Amino acid sequence: MNRLKLKHYARLIKRQVLSGRKFNKNGFVKYKNYLKYRLCKKNEIIDWNNVAPVYTSLIITKRCNLNCSFCIVKDMIKEKTRDYDLSTAQAEKIFQHPMIKKSLMMMLNGGEPLLNSNILEIVKVAKSFGHLVGITTNATLLPKYIDGLIDAGIDSISVSLYDSTMMVLQDNLKKVAAKFPIRINKMIRKKDIADFTLVENICSLARDTGCYGVYFQNMIPSDINEINDVIFEDNQQYFKVQRLINRKYGNQLLISWPGVVAKTIRGSRDKKCRMPWWLTVVDAQGNLGLCCRYQEGLYGNIFLDDAGTIKNDLNWRKVRGSLLSNSPDIPAECDNCYLLNDSYASNI
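364 is the number that this note's numbering gives the last residue of the sequence shown; the numbers go up by one with no jumps.
Here you go:
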(Lines of atoms letter the chains of each structure in order from A; the text may use other names.)
(Lines give C-alpha, C1' and ligand atoms only; values in the text may rest on other atoms or scores of the structure.)
Protein backbone atom coordinates (compact mmCIF):
# COMPACT_ATOMS: atom_id res chain seq x y z
CA MET A 17 0.00 0.00 0.00
CA ASN A 18 1.21 3.51 -0.87
CA ARG A 19 3.17 5.31 1.90
CA LEU A 20 1.02 8.44 1.57
CA LYS A 21 -2.13 6.40 1.89
CA LEU A 22 -0.89 4.71 5.06
CA LYS A 23 -0.03 8.08 6.60
CA HIS A 24 -3.47 9.43 5.75
CA TYR A 25 -5.22 6.42 7.31
CA ALA A 26 -3.01 6.62 10.38
CA ARG A 27 -3.94 10.28 10.77
CA LEU A 28 -7.65 9.49 10.61
CA ILE A 29 -7.45 6.63 13.11
CA LYS A 30 -5.25 8.66 15.47
CA ARG A 31 -7.83 11.45 15.50
CA GLN A 32 -10.56 8.89 16.21
CA VAL A 33 -8.64 7.52 19.18
CA LEU A 34 -7.59 10.91 20.59
CA SER A 35 -11.13 12.24 20.32
CA GLY A 36 -12.24 9.64 22.84
CA ARG A 37 -14.87 8.29 20.46
CA LYS A 38 -14.91 4.53 20.74
CA PHE A 39 -15.13 2.20 17.78
CA ASN A 40 -18.70 1.01 18.13
CA LYS A 41 -20.16 -2.10 16.58
CA ASN A 42 -21.06 -0.19 13.42
CA GLY A 43 -17.46 0.94 13.11
CA PHE A 44 -16.09 -2.60 13.32
CA VAL A 45 -18.46 -3.72 10.55
CA LYS A 46 -17.01 -1.01 8.31
CA TYR A 47 -13.36 -1.89 9.01
CA LYS A 48 -14.12 -5.57 8.44
CA ASN A 49 -15.76 -4.72 5.12
CA TYR A 50 -12.76 -2.61 4.16
CA LEU A 51 -10.36 -5.49 4.78
CA LYS A 52 -12.56 -7.84 2.78
CA TYR A 53 -12.64 -5.31 -0.04
CA ARG A 54 -8.85 -5.11 -0.14
CA LEU A 55 -8.57 -8.89 -0.37
CA CYS A 56 -11.43 -9.74 -2.70
CA LYS A 57 -11.20 -10.34 -6.44
CA LYS A 58 -12.89 -7.67 -8.56
CA ASN A 59 -15.67 -8.96 -10.83
CA GLU A 60 -18.11 -7.44 -13.28
CA ILE A 61 -20.93 -7.93 -10.77
CA ILE A 62 -20.46 -6.95 -7.15
CA ASP A 63 -22.11 -8.82 -4.30
CA TRP A 64 -22.42 -5.90 -1.91
CA ASN A 65 -24.15 -8.11 0.63
CA ASN A 66 -20.75 -9.78 0.98
CA VAL A 67 -18.34 -6.93 0.18
CA ALA A 68 -19.78 -3.42 -0.20
CA PRO A 69 -18.11 -0.26 -1.51
CA VAL A 70 -15.92 1.25 1.19
CA TYR A 71 -16.15 4.97 0.36
CA THR A 72 -19.25 7.12 -0.04
CA SER A 73 -19.28 10.53 -1.67
CA LEU A 74 -22.47 12.12 -0.37
CA ILE A 75 -23.64 15.14 -2.38
CA ILE A 76 -25.40 17.17 0.30
CA THR A 77 -26.15 20.16 -1.93
CA LYS A 78 -25.97 21.09 -5.59
CA ARG A 79 -25.48 24.78 -4.81
CA CYS A 80 -22.12 26.56 -4.85
CA ASN A 81 -20.99 30.10 -4.10
CA LEU A 82 -18.23 29.93 -6.73
CA ASN A 83 -18.44 29.52 -10.50
CA CYS A 84 -15.30 27.76 -11.75
CA SER A 85 -15.20 27.19 -15.50
CA PHE A 86 -13.41 23.83 -15.19
CA CYS A 87 -15.66 22.35 -12.49
CA ILE A 88 -16.43 18.72 -13.37
CA VAL A 89 -19.94 19.03 -11.90
CA LYS A 90 -20.70 22.49 -13.31
CA ASP A 91 -23.74 21.17 -15.20
CA MET A 92 -25.08 19.72 -11.96
CA ILE A 93 -24.98 23.02 -10.06
CA LYS A 94 -26.41 25.27 -12.76
CA GLU A 95 -29.91 25.33 -11.27
CA LYS A 96 -28.72 26.32 -7.78
CA THR A 97 -31.72 24.39 -6.43
CA ARG A 98 -32.36 23.68 -2.75
CA ASP A 99 -34.29 20.53 -3.67
CA TYR A 100 -31.03 18.61 -3.32
CA ASP A 101 -30.02 20.05 0.06
CA LEU A 102 -29.80 16.91 2.19
CA SER A 103 -31.97 16.88 5.30
CA THR A 104 -31.08 14.96 8.45
CA ALA A 105 -34.03 12.63 7.81
CA GLN A 106 -32.73 11.89 4.30
CA ALA A 107 -29.23 11.41 5.72
CA GLU A 108 -30.48 8.82 8.22
CA LYS A 109 -32.34 7.00 5.46
CA ILE A 110 -29.19 6.85 3.34
CA PHE A 111 -26.97 5.76 6.26
CA GLN A 112 -29.41 2.95 7.07
CA HIS A 113 -29.25 1.49 3.57
CA PRO A 114 -27.62 -1.97 3.82
CA MET A 115 -24.96 -1.08 1.24
CA ILE A 116 -24.06 2.32 2.74
CA LYS A 117 -23.97 0.83 6.25
CA LYS A 118 -20.69 -0.91 5.42
CA SER A 119 -18.99 2.17 3.96
CA LEU A 120 -16.00 3.20 6.07
CA MET A 121 -15.48 6.74 4.76
CA MET A 122 -18.29 9.24 4.33
CA MET A 123 -17.14 12.29 2.37
CA LEU A 124 -19.57 15.22 2.29
CA ASN A 125 -19.41 17.00 -1.04
CA GLY A 126 -21.34 19.40 -3.25
CA GLY A 127 -21.57 22.00 -4.70
CA GLU A 128 -20.31 23.71 -1.58
CA PRO A 129 -21.40 21.52 1.37
CA LEU A 130 -21.23 24.35 3.90
CA LEU A 131 -24.17 26.00 2.12
CA ASN A 132 -26.38 23.22 3.52
CA SER A 133 -27.73 24.53 6.82
CA ASN A 134 -28.00 20.95 8.13
CA ILE A 135 -24.26 20.30 7.79
CA LEU A 136 -23.44 19.96 11.50
CA GLU A 137 -26.36 17.63 12.20
CA ILE A 138 -25.45 15.51 9.16
CA VAL A 139 -21.90 15.09 10.53
CA LYS A 140 -23.27 14.06 13.93
CA VAL A 141 -25.66 11.54 12.39
CA ALA A 142 -22.90 10.07 10.20
CA LYS A 143 -20.65 9.69 13.26
CA SER A 144 -23.45 7.97 15.17
CA PHE A 145 -23.55 5.36 12.39
CA GLY A 146 -19.81 4.70 12.83
CA HIS A 147 -18.47 6.38 9.68
CA LEU A 148 -15.23 8.26 9.34
CA VAL A 149 -16.54 11.60 8.14
CA GLY A 150 -14.78 14.11 5.94
CA ILE A 151 -15.75 17.24 4.08
CA THR A 152 -14.47 18.79 0.86
CA THR A 153 -15.01 22.55 0.87
CA ASN A 154 -13.80 25.66 -0.93
CA ALA A 155 -13.16 27.09 2.58
CA THR A 156 -14.79 30.47 1.93
CA LEU A 157 -17.21 29.73 4.80
CA LEU A 158 -15.01 27.39 6.81
CA PRO A 159 -13.94 29.74 9.66
CA LYS A 160 -17.63 30.24 10.51
CA TYR A 161 -18.24 26.49 10.79
CA ILE A 162 -14.95 25.03 11.99
CA ASP A 163 -15.76 24.95 15.72
CA GLY A 164 -19.12 23.33 15.05
CA LEU A 165 -17.56 20.76 12.72
CA ILE A 166 -14.97 19.84 15.35
CA ASP A 167 -17.65 19.49 18.04
CA ALA A 168 -19.75 17.36 15.67
CA GLY A 169 -16.81 14.96 15.27
CA ILE A 170 -15.46 15.68 11.79
CA ASP A 171 -12.47 13.46 10.95
CA SER A 172 -10.95 15.16 7.90
CA ILE A 173 -11.21 18.46 6.05
CA SER A 174 -10.00 18.92 2.50
CA VAL A 175 -9.91 22.40 1.00
CA SER A 176 -10.36 22.73 -2.75
CA LEU A 177 -8.10 25.59 -3.81
CA TYR A 178 -8.67 27.61 -6.97
CA ASP A 179 -6.58 30.23 -8.72
CA SER A 180 -9.19 32.86 -7.83
CA THR A 181 -9.17 31.99 -4.11
CA MET A 182 -5.47 31.45 -3.39
CA MET A 183 -4.85 34.93 -2.00
CA VAL A 184 -8.30 35.32 -0.43
CA LEU A 185 -8.02 32.10 1.58
CA GLN A 186 -4.69 32.77 3.29
CA ASP A 187 -6.28 34.06 6.49
CA ASN A 188 -9.01 31.41 6.42
CA LEU A 189 -6.49 28.59 6.09
CA LYS A 190 -4.36 29.94 8.96
CA LYS A 191 -7.37 30.25 11.26
CA VAL A 192 -8.64 26.77 10.51
CA ALA A 193 -5.28 24.97 10.45
CA ALA A 194 -4.56 26.34 13.91
CA LYS A 195 -7.56 24.36 15.16
CA PHE A 196 -7.73 21.33 12.90
CA PRO A 197 -5.42 19.55 10.40
CA ILE A 198 -6.42 20.41 6.85
CA ARG A 199 -5.19 19.41 3.43
CA ILE A 200 -5.27 21.45 0.25
CA ASN A 201 -6.67 19.90 -2.93
CA LYS A 202 -5.55 21.64 -6.11
CA MET A 203 -6.36 20.73 -9.68
CA ILE A 204 -3.42 21.44 -11.97
CA ARG A 205 -3.56 21.78 -15.75
CA LYS A 206 -0.95 21.43 -18.44
CA LYS A 207 -0.37 25.18 -18.48
CA ASP A 208 0.09 25.21 -14.69
CA ILE A 209 3.21 23.07 -14.86
CA ALA A 210 4.77 24.97 -17.76
CA ASP A 211 7.02 26.49 -15.11
CA PHE A 212 7.83 25.87 -11.48
CA THR A 213 6.18 28.98 -10.02
CA LEU A 214 2.48 28.17 -9.64
CA VAL A 215 2.96 24.73 -8.14
CA GLU A 216 5.57 26.09 -5.76
CA ASN A 217 3.22 28.89 -4.70
CA ILE A 218 0.60 26.30 -3.78
CA CYS A 219 3.06 24.34 -1.66
CA SER A 220 4.43 27.44 0.03
CA LEU A 221 0.85 28.56 0.80
CA ALA A 222 0.10 25.18 2.37
CA ARG A 223 3.30 25.27 4.44
CA ASP A 224 2.96 28.90 5.55
CA THR A 225 -0.69 28.54 6.57
CA GLY A 226 -0.08 25.36 8.58
CA CYS A 227 -1.73 22.80 6.29
CA TYR A 228 -0.31 19.30 6.59
CA GLY A 229 -0.37 18.42 2.89
CA VAL A 230 -1.29 19.04 -0.72
CA TYR A 231 -3.25 16.68 -2.95
CA PHE A 232 -2.72 17.61 -6.58
CA GLN A 233 -5.28 16.47 -9.15
CA ASN A 234 -5.00 16.19 -12.91
CA MET A 235 -7.57 17.89 -15.10
CA ILE A 236 -10.63 15.75 -15.83
CA PRO A 237 -12.11 17.30 -19.00
CA SER A 238 -15.85 17.76 -19.16
CA ASP A 239 -15.82 18.44 -22.89
CA ILE A 240 -13.53 18.27 -25.92
CA ASN A 241 -12.41 21.87 -25.46
CA GLU A 242 -10.62 21.00 -22.23
CA ILE A 243 -8.46 18.16 -23.57
CA ASN A 244 -5.49 20.51 -24.00
CA ASP A 245 -5.53 21.15 -20.24
CA VAL A 246 -4.88 17.48 -19.42
CA ILE A 247 -1.42 16.28 -18.35
CA PHE A 248 -0.51 13.27 -20.50
CA GLU A 249 2.20 10.67 -19.90
CA ASP A 250 4.64 12.24 -22.39
CA ASN A 251 4.77 15.56 -20.50
CA GLN A 252 8.35 15.56 -19.22
CA GLN A 253 7.97 18.99 -17.61
CA TYR A 254 5.42 17.52 -15.22
CA PHE A 255 7.88 14.93 -13.92
CA LYS A 256 10.60 17.58 -13.66
CA VAL A 257 8.37 19.84 -11.56
CA GLN A 258 7.38 16.87 -9.42
CA ARG A 259 11.01 16.06 -8.63
CA LEU A 260 11.85 19.68 -7.82
CA ILE A 261 8.85 20.15 -5.55
CA ASN A 262 9.44 16.88 -3.70
CA ARG A 263 13.05 17.86 -3.13
CA LYS A 264 12.12 21.26 -1.74
CA TYR A 265 8.90 20.53 0.18
CA GLY A 266 8.80 16.77 0.65
CA ASN A 267 10.06 16.96 4.24
CA GLN A 268 7.59 19.71 5.14
CA LEU A 269 4.36 18.56 3.52
CA LEU A 270 2.58 15.36 2.63
CA ILE A 271 2.38 15.78 -1.15
CA SER A 272 0.35 13.53 -3.42
CA TRP A 273 0.76 13.75 -7.19
CA PRO A 274 -1.91 12.80 -9.73
CA GLY A 275 -1.54 10.09 -12.29
CA VAL A 276 -1.03 11.11 -15.89
CA VAL A 277 -3.31 10.16 -18.75
CA ALA A 278 -1.98 7.31 -20.87
CA LYS A 279 -2.08 7.92 -24.60
CA THR A 280 -2.13 4.20 -25.35
CA ILE A 281 -4.06 1.51 -23.49
CA ARG A 282 -2.60 -1.94 -24.09
CA GLY A 283 -4.83 -4.07 -21.90
CA SER A 284 -6.34 -4.62 -18.47
CA ARG A 285 -3.14 -3.83 -16.55
CA ASP A 286 -3.25 -0.28 -17.93
CA LYS A 287 -6.84 0.14 -16.73
CA LYS A 288 -6.22 0.58 -13.01
CA CYS A 289 -9.35 2.48 -12.00
CA ARG A 290 -11.39 0.73 -9.33
CA MET A 291 -13.94 3.46 -8.63
CA PRO A 292 -16.90 1.32 -9.79
CA TRP A 293 -16.04 -1.10 -6.96
CA TRP A 294 -14.95 1.02 -3.99
CA LEU A 295 -16.98 4.21 -4.44
CA THR A 296 -20.65 5.09 -4.00
CA VAL A 297 -21.72 8.54 -5.17
CA VAL A 298 -25.22 9.43 -3.98
CA ASP A 299 -27.26 12.62 -3.69
CA ALA A 300 -30.12 13.64 -1.40
CA GLN A 301 -32.71 12.00 -3.65
CA GLY A 302 -30.83 8.68 -3.71
CA ASN A 303 -29.53 9.06 -7.27
CA LEU A 304 -26.29 7.16 -7.85
CA GLY A 305 -23.26 8.34 -9.79
CA LEU A 306 -20.48 6.27 -11.33
CA CYS A 307 -17.62 8.43 -10.07
CA CYS A 308 -16.70 12.09 -9.65
CA ARG A 309 -18.07 12.54 -13.16
CA TYR A 310 -21.51 12.43 -11.55
CA GLN A 311 -24.34 11.82 -14.03
CA GLU A 312 -27.79 11.80 -12.49
CA GLY A 313 -30.25 9.23 -13.77
CA LEU A 314 -27.85 6.85 -15.52
CA TYR A 315 -26.70 4.62 -12.67
CA GLY A 316 -29.76 3.96 -10.56
CA ASN A 317 -31.25 5.05 -7.27
CA ILE A 318 -30.62 3.41 -3.90
CA PHE A 319 -34.19 4.07 -2.78
CA LEU A 320 -35.90 2.79 -5.93
CA ASP A 321 -33.70 -0.09 -7.14
CA ASP A 322 -34.12 -3.53 -5.61
CA ALA A 323 -31.25 -5.30 -3.91
CA GLY A 324 -30.56 -7.56 -6.86
CA THR A 325 -29.97 -4.80 -9.39
CA ILE A 326 -28.54 -1.89 -7.45
CA LYS A 327 -25.10 -0.97 -8.85
CA ASN A 328 -25.29 -4.09 -11.06
CA ASP A 329 -27.47 -3.03 -13.98
CA LEU A 330 -26.26 -2.96 -17.58
CA ASN A 331 -24.49 0.41 -17.29
CA TRP A 332 -22.49 -0.71 -14.25
CA ARG A 333 -21.60 -4.12 -15.69
CA LYS A 334 -20.52 -2.56 -18.96
CA VAL A 335 -18.05 -0.23 -17.25
CA ARG A 336 -16.66 -2.84 -14.85
CA GLY A 337 -16.37 -5.44 -17.59
CA SER A 338 -14.48 -3.03 -19.81
CA LEU A 339 -12.04 -2.13 -17.02
CA LEU A 340 -11.32 -5.81 -16.38
CA SER A 341 -11.07 -6.76 -20.05
CA ASN A 342 -7.74 -7.35 -21.77
CA SER A 343 -9.06 -5.34 -24.71
CA PRO A 344 -7.52 -1.88 -25.21
CA ASP A 345 -11.04 -0.44 -25.46
CA ILE A 346 -12.24 1.74 -22.59
CA PRO A 347 -15.69 2.97 -21.52
CA ALA A 348 -16.70 6.33 -22.96
CA GLU A 349 -17.02 7.58 -19.38
CA CYS A 350 -13.29 7.00 -18.85
CA ASP A 351 -12.05 8.85 -21.93
CA ASN A 352 -9.13 11.19 -21.05
CA CYS A 353 -9.62 10.64 -17.31
CA TYR A 354 -6.36 10.25 -15.39
CA LEU A 355 -8.07 8.05 -12.82
CA LEU A 356 -8.20 5.30 -15.43
CA ASN A 357 -4.44 4.87 -14.96
CA ASP A 358 -4.16 5.99 -11.32
CA SER A 359 -4.27 3.06 -8.90
CA TYR A 360 -3.72 5.35 -5.88
CA ALA A 361 -6.51 7.88 -6.36
CA SER A 362 -9.05 5.39 -7.67
CA ASN A 363 -8.61 2.62 -5.11
CA ILE A 364 -8.56 3.93 -1.54
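Idealized CB from N, CA, C, for every residue including glycine.
A quick note: this is a predicted structure, and the numbers were derived from the prediction, not measured.
Bounding residues of the alpha helix (DSSP H) (the contiguous stretch that carries residue i)
{"i": "Met291", "result": "291–294"}
{"i": "Lys334", "result": "330–340"}
{"i": "Lys140", "result": "135–144"}
{"i": "Gly164", "result": "158–168"}
{"i": "Ile110", "result": "104–111"}
Same chain, Cβ closer than 7 Å to residue i, neighbours up to 5 away in sequence not counted
{"i": "Asn62", "result": "Note that residue 62 corresponds to Ile in the displayed sequence, not to Asn. So the list reads Trp293, Lys327, Asn328, once near-sequence residues are dropped."}
{"i": "Asn352", "result": "Pro237, Ile243, Val246, Val277"}
{"i": "Leu260", "result": "Phe212"}
{"i": "Glu249", "result": "Val276, Val277, Ala278, Lys279"}
{"i": "Thr104", "result": "Asn134, Glu137, Ile138, Val141"}
{"i": "Met183", "result": "none"}
{"i": "Leu340", "result": "Lys58, Glu60, Ser284"}
{"i": "Arg205", "result": "Met235, Asp245"}
{"i": "Glu108", "result": "Val141"}
{"i": "Pro344", "result": "Ile281, Arg282, Gly283"}
{"i": "Lys191", "result": "Pro159"}
{"i": "Gln311", "result": "Gly305"}
Whether residue i touches residue j by CB criterion (8 Å)
{"i": "Tyr161", "j": "Pro197", "result": "no"}
{"i": "Ser359", "j": "Ile346", "result": "no"}
{"i": "Lys46", "j": "Val67", "result": "no"}
{"i": "Ile318", "j": "Leu306", "result": "no"}
{"i": "Thr152", "j": "Ala193", "result": "no"}
{"i": "Asn201", "j": "Thr181", "result": "no"}
{"i": "Gly169", "j": "Lys143", "result": "yes"}
{"i": "Met291", "j": "Ser362", "result": "yes"}
{"i": "Leu314", "j": "Asn331", "result": "yes"}
{"i": "Met115", "j": "Thr296", "result": "yes"}
{"i": "Gln186", "j": "Leu148", "result": "no"}
{"i": "Cys219", "j": "Tyr265", "result": "yes"}
Bounding residues of the beta strand (DSSP E) (the contiguous stretch that carries residue i)
{"i": "Lys174", "result": "The sequence given here has Ser at residue 174, not Lys. 172–177 is the extent of the beta strand (DSSP E) around Ser174."}
{"i": "Leu214", "result": "Segment 213–225 is the alpha helix (DSSP H) holding Leu214; no beta strand (DSSP E) there."}
{"i": "Gln186", "result": "Taken as a continuous stretch (DSSP letters only), Gln186 belongs to no beta strand (DSSP E), being part of the alpha helix (DSSP H) at 186–193."}
{"i": "Ser272", "result": "270–272"}
Residue i - partner residues in DSSP beta bridges
{"i": "Leu124", "result": "Leu74, Ile151"}
{"i": "Asn303", "result": "Asn317"}
{"i": "Phe248", "result": "Val277"}
{"i": "Lys202", "result": "Leu177, Phe232"}
{"i": "Val45", "result": "Answer is none; Val45 lacks a bridge partner."}
{"i": "Val298", "result": "Leu74, Leu304"}
Supposed close pair residue i, residue j - CB separation, criterion 8 Å
{"i": "Leu158", "j": "Asn132", "result": "Rounded, the Cβ-Cβ distance is 14 Å, inconsistent with contact."}
{"i": "Tyr354", "j": "Pro274", "result": "6 Å"}
{"i": "Thr97", "j": "Lys78", "result": "6 Å"}
{"i": "Ile166", "j": "Lys195", "result": "7 Å"}
{"i": "Val70", "j": "Asn49", "result": "6 Å"}
{"i": "Lys288", "j": "Ile281", "result": "The pair is not a contact, with the Cβ atoms about 11 Å apart (cut-off 8 Å)."}
{"i": "Thr156", "j": "Asn217", "result": "Between Asn217 and Thr156 the Cβ distance is about 19 Å, and since that is not below 8 Å, they are no contact."}
Residues near residue i by beta carbon distance below 6 Å, same chain, minus five either side
{"i": "Thr268", "result": "For clarity, residue 268 is Gln in the given sequence; the question names Thr instead. Counting only Cβ-Cβ distances below 6 Å, and skipping sequence neighbours, we find Arg223."}
{"i": "Cys350", "result": "Leu356"}
{"i": "Asn125", "result": "Ser73, Ile75, Thr152"}
{"i": "Asn234", "result": "Ile247, Pro274, Tyr354"}
{"i": "Phe145", "result": "Asn42, Phe111"}
{"i": "Gln106", "result": "Ala300"}
{"i": "Trp3", "result": "In this structure the chain extends from 17 to 364, so residue 3 is not present and cannot be described."}
{"i": "Ser174", "result": "Thr152, Arg199, Asn201"}
{"i": "Arg336", "result": "Glu60, Pro292"}
{"i": "Asp101", "result": "Thr77, Asn132"}
{"i": "Gly302", "result": "Asn317, Ile318, Phe319"}
{"i": "Cys56", "result": "Val67"}
{"i": "Gly127", "result": "Thr77, Lys78, Arg79, Cys80, Ile93"}
CB contact below 8 Å: residue i versus chain B
{"i": "Leu356", "result": "Chain labels in this structure do not include chain B; a single protein chain is all it has."}
Same chain, Cβ closer than 8 Å to residue i, five either side skipped, listed in chain order
{"i": "Ile209", "result": "Val215, Ile247, Asn251, Gln253, Tyr254, Val257"}
{"i": "Pro129", "result": "Ile76, Thr77, Ile135, Ile151, Thr152, Thr153"}
{"i": "Lys334", "result": "Pro347"}
Contact test: residue i Cβ vs the ligand MN heavy atom, cutoff 7 Å
{"i": "Leu130", "result": "With respect to the ligand MN, the structure offers nothing, as it holds no ligand at all."}
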